[in-house]
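See structure below.
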Amino acid sequence: MWKLLKIELFKIFKRPRTYIAFGAIAAIVFLIQVALKFDGKSYVDLLMSNLSGSFEFSDEFKNKLLNGYLICFVILNTLLIQMPLLVALIAGDSIAGEANMGTLRLSLTKPVSRTQYMLVKFAASVVYTLALLIWMAALALFGSMLIFGTNDMVVLRSEGIEQMKDFDVLWRYVAAFGYAAVALTTVSALAFLLSVFAENSIGPIIATMSIVIVFTILSEMNIPIYDKTIKPYLFTSHMVAWKGFFYVKADAEGTTINGSIENLPAVLRSLGILVAYIVLFFSTAVWVFRKKDILT
Amino acid sequence: MKRIFFIGLFIFIVFSSAGQAAEDIINKVKAKLEKVNDYEAKGKMKTNVVFIKAPIANVKVYYKKPNKLRINNESGISFIPKGSVNINLNNIFINTEGFDIIDVGKEAGTNLRIIKLLPKDENAEVVLSTVYVDEVQYVIKKAKTTTRENGTYELEMTYGKYAEYGLADKVSFSFNTKDYKLPKGITFDYDDGSKKEEPADKLKNKKGKVEITYSAYTINKGVPDSVFK
Amino acid sequence: MGSIIRVDHLTKHFRDIKAVENLSFTVEEGQVYGFLGQNGAGKSTTIRMLLTLIQPTSGSIDIFGMDLQRHRKEILRQVGAIIERPDLYKYLTALENLRIFATMSGIKISGKKLMDQLAMVGLEQRAHSKVKTYSQGMKQRLGIATALVHDPKLIILDEPTNGLDPQGIADIRNLILMLSREKNKTLLISSHLLSEIELIADSMLIIDKGKKLVEGRVNDLFDPAETVVELKTTNDAAAFEKLSGSDFREFVQQRRNDCVLLKLHRNRIPEVLKELVRMEVNVISLHSKHSLEDYFLSLTTGQPHVEALKN
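The structure is reproduced here in structure tokens:
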């Protein structure tokens, strides 16, 4: 099993297209960092415009606010919407790409069961997803911490402001990246499932993206009839739950409780739903693939 | 007509109260405050605003005569309300043309003298200040300031070691906040499904409060102007 | 000698298309077994069923005396195959490809052994080039190296000479004979060219439209008594009439296009020629071929064939 996984990883990391995603992430992270480094104050003014009537914001405040932790949050906010494409690029290719190259039939005449083959293939795309996230963490979190330094973190929500002490942030990022890994694995599992049906990788990649985009739009739309009926079941609604780690509890006087999470059960429930989706997508993929006649 | 009414009221109050004249009290309070040219104080600040969850912050407060005040969070981030300069009580008495002083008498149940200060300058930013003065220590325990532009501020003080300078151990500063709301399209909130429908005006025009508990003052040792920039 | 492959009443339907219908055959140990049929006759479907790529609708397959469904891994460990094109990872080198499939076959193999394997198919110089730089023939040879890397007992090659130049075809033919004679491998070779199978196979099977037409030892099927003579003359009608009245009348089969067909033992052809001269028939050409060839050709061209096949 480990040997087979090594083969799959070898194949993935030998392909130039694998590195497109790493390059894309580096480019986006870098562009956001440059923009905020040179024009961060106008960004803060924009964010704080709502509050400028009641509070005064000194330059020092703005500089402190715009620290590495906040920058990473801004980057995750933008990038985690684009990441599914990058994940689908590899997961959507994993079976369909082999079918397209013609190597699938040779691989399946080897003494490896189809279930085992699928497990290894999926594990490899999960490893790729993790590698992508670690790369992103290195650039977006540690890179921003180096460039912008660290300080207390302020998270703006639509109805309130969450503030936490600098020492209370890093573990939240560890948890958030862990959560994001599960969220992206869900996309990966979907692309993987679609990959079983296709004979070239473009189809599953586009189909995955279309599903993610449509679901995301439904998740973000504020239409009351969808709020209770559809939204709770869309996996995209739960993909943003990593933010739950940055929503803190406060005492009666509005003071942040260090180390607290506002609604951990909800985050865990979202996590559970994503895991259920992964199991569903993956087991369907295996079930279909085991019965499939290989005609390519 | 109004003036005559106030004068009448003033006379009534002066004659009905057994103690000293309000103006004397104010002068004694002011004299205490006058002793302080500048200070640097360490303290802990608690922010209590309905839409902000903020940790307790370690702050330094710098003051310099006549009306420079700066609250600095030395390491972290703190939202400093507008008008926080008013936590310096001296600010109440800054007025080029002086005040009309109205004695309202004692607050029921306490030993505090309520005095209203009406700036004589009709264009002053402060419209009215009401101070509650402890007649034993000659310190202001409570103050309400109504401004032309920024609503009403309220101060509450408790005193300890630094009472002789009129400096409080604990100040709580209440202020008006405007409503806060950001579009979800900007924040991309995670909706955990637990949010209950709240009345629409819940977040609107609420009182916010910051509370500073001082641990130490360094008084009249000089404060560079650079800290106020 | 035991049987290596035993296929029994194998059937595969794709919805309402009957790709393979009730097919049975046996491949003995050490044989080169030719599997013949036109394109679309069901060869590839059968081979894919032998390799577990396609699930049969019904029927059974035993390989090495074991049921293929139940002992899939054990059987496949001993099977090497090329299915249609020898597709490999183009962005990897020959050596990398070979190592991947060796590992997937469940064997541990040294770099030196892999190089030996590449040397066997003449690719040792290009071991470190990416496969996308390879010619069709080189890919075919690498495909064979891949099929053989784990030293399988049974080798299944689906159209191994497709797209190769004459030299490439000869190379593959020699390799197959070497594997059979020197290494005692059992080989199943599919092709749509009889001439190719005839040269290398011990036994063969011809299928059409998913059904078995002929199966047997090549020596038996190519019986010299079953030779077909194709005669072209200046006047076919007259020639047909004259021959039908001669001693050779029992051998005259039919007139087809612009020639007359006879079926007889190869040794009697000179007598026919003499007789034609005697009857003053002007012969333009005389072409002899085996009746099986004629039959197989008729399958691909759709022409009627000489009534020759016994089965």
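Sequences listed follow chains Z, B and A, in order. Residue numbering for the first sequence is 1 to 296, as defined by the numbering used here. Residue numbering for the second sequence is 297 to 525, as defined by the numbering used here. Residue numbering for the third sequence is 526 to 836, as defined by the numbering used here. Every residue, glycine too, gets a C-beta built ideally from N, C-alpha and C. Please read these numbers as outputs of a predicted model, since none were measured by experiment.
Backbone secondary structure at residue i - three-state DSSP
i                      : result
residue 10 of chain Z  : helix
residue 528 of chain A : strand
residue 546 of chain A : strand
residue 164 of chain Z : strand
residue 603 of chain A : coil
residue 586 of chain A : strand
residue 662 of chain A : helix
residue 535 of chain A : strand
residue 744 of chain A : helix
residue 771 of chain A : coil
residue 137 of chain Z : helix
residue 403 of chain B : coil
residue 114 of chain Z : helix
residue 417 of chain B : coil
residue 509 of chain B : strand
residue 433 of chain B : coil
residue 465 of chain B : strand
residue 514 of chain B : strand
residue 424 of chain B : strand
residue 365 of chain B : strand
residue 320 of chain B : helix
residue 519 of chain B : coil
residue 45 of chain Z  : helix
Chain-order list of residues whose beta-carbon lies under 6 Å from that of residue i (same chain, five-residue window excluded)
i                      : result
residue 136 of chain Z : 25
residue 582 of chain A : 536, 537 and 538
residue 458 of chain B : 513
residue 463 of chain B : 513
residue 179 of chain Z : 242
residue 764 of chain A : 758, 785 and 806
residue 664 of chain A : 611
residue 307 of chain B : Any reading at residue 307 of chain B must be qualified, since the residue scores a pLDDT of 49, below 50, and its modelled position is unreliable; the value itself is stated next. Once the five neighbours on either side are set aside, residue 307 of chain B has no close Cβ partner at all.
Residue i to residue j span [Cα, whole Å]
i                      : j                      : result
residue 62 of chain Z  : residue 44 of chain Z  : 7 Å
residue 359 of chain B : residue 341 of chain B : 16 Å
residue 666 of chain A : residue 647 of chain A : 8 Å
residue 599 of chain A : residue 294 of chain Z : 20 Å
residue 277 of chain Z : residue 234 of chain Z : 10 Å
residue 662 of chain A : residue 602 of chain A : 26 Å
residue 834 of chain A : residue 816 of chain A : Because the pLDDT of residue 834 of chain A is 46, which lies under 50, any placement of that residue in the model is unreliable, and the number read from its coordinates should be weighed accordingly. Straight-line Cα distance between these residues: approximately 8 Å.
residue 196 of chain Z : residue 528 of chain A : 36 Å
residue 242 of chain Z : residue 177 of chain Z : 8 Å
residue 4 of chain Z   : residue 271 of chain Z : 29 Å
residue 156 of chain Z : residue 483 of chain B : 7 Å
residue 13 of chain Z  : residue 735 of chain A : 43 Å
residue 263 of chain Z : residue 160 of chain Z : 15 Å
residue 499 of chain B : residue 347 of chain B : No answer about residue 499 of chain B holds up, because its pLDDT of 48 lies below 50 and its placement is not dependable.
residue 85 of chain Z  : residue 7 of chain Z   : 24 Å
residue 171 of chain Z : residue 369 of chain B : 23 Å
Spatial neighbours of residue i in its chain, beta-carbon cut-off 8 Å, leaving aside the 5 residues before and after
i                      : result
residue 64 of chain Z  : 151 and 152
residue 319 of chain B : 397
Among the options, the one whose alpha carbon lies nearest that of residue i
i                      : options                       : result
residue 472 of chain B : B:460, B:502, B:432 and B:444 : B:502
residue 419 of chain B : B:402, B:510, B:445 and B:478 : B:445
residue 292 of chain Z : Z:50, Z:173, Z:179 and Z:198  : Z:198
residue 803 of chain A : A:809, A:771, A:780 and A:822 : A:771
residue 653 of chain A : A:623, A:752, A:759 and A:558 : A:623
residue 575 of chain A : A:566, A:531, A:791 and A:561 : A:531
residue 448 of chain B : B:460, B:436 and B:421        : B:421
residue 730 of chain A : A:670, A:552, A:751 and A:668 : A:552
residue 401 of chain B : B:428, B:345 and B:518        : B:428
residue 621 of chain A : A:674, A:590 and A:585        : A:674
residue 677 of chain A : Z:187, Z:188, Z:111 and Z:41  : Z:111
7 Å Cβ shell around residue i - same chain, five flanking residues per side excluded
i                      : result
residue 776 of chain A : 787, 788 and 789
residue 657 of chain A : 615 and 616
residue 207 of chain Z : 194
What are the uninterrupted segments assigned as beta strand (DSSP E) that are 3 or more residues long and contained completely in the segment 681 to 730 of chain A, given in chain order?
Runs of the beta strand (DSSP E) lying entirely within the segment 681 to 730 of chain A, each at least 3 residues long, are 711 to 716 in chain order.
Identify every run of the alpha helix (DSSP H) within the segment 369 to 395 of chain B, keeping only runs that are complete inside it and at least 4 residues long; order them along the chain.
Every alpha helix (DSSP H) stretch that sits fully inside the segment 369 to 395 of chain B and reaches 4 residues is listed by chain position as 386 to 389.
Which parts of the segment 174 to 261 of chain Z are runs of the alpha helix (DSSP H), unbroken and 4 residues or longer, counting only runs that do not cross its ends?
Counting whole runs of 4 or more residues, the segment 174 to 261 of chain Z contains the alpha helix (DSSP H) stretches 202 to 220, 224 to 229 and 235 to 239.
Runs of alpha helix (DSSP H) lying entirely within the segment 264 to 296 of chain Z, each at least 4 residues, in chain order:
Correct list: 264 to 291.
Contacting positions in the segment 113 to 133 of chain Z - beta carbon closer than 8 Å to chain E
Of the protein chains in this structure, namely Z, B and A, none is chain E.
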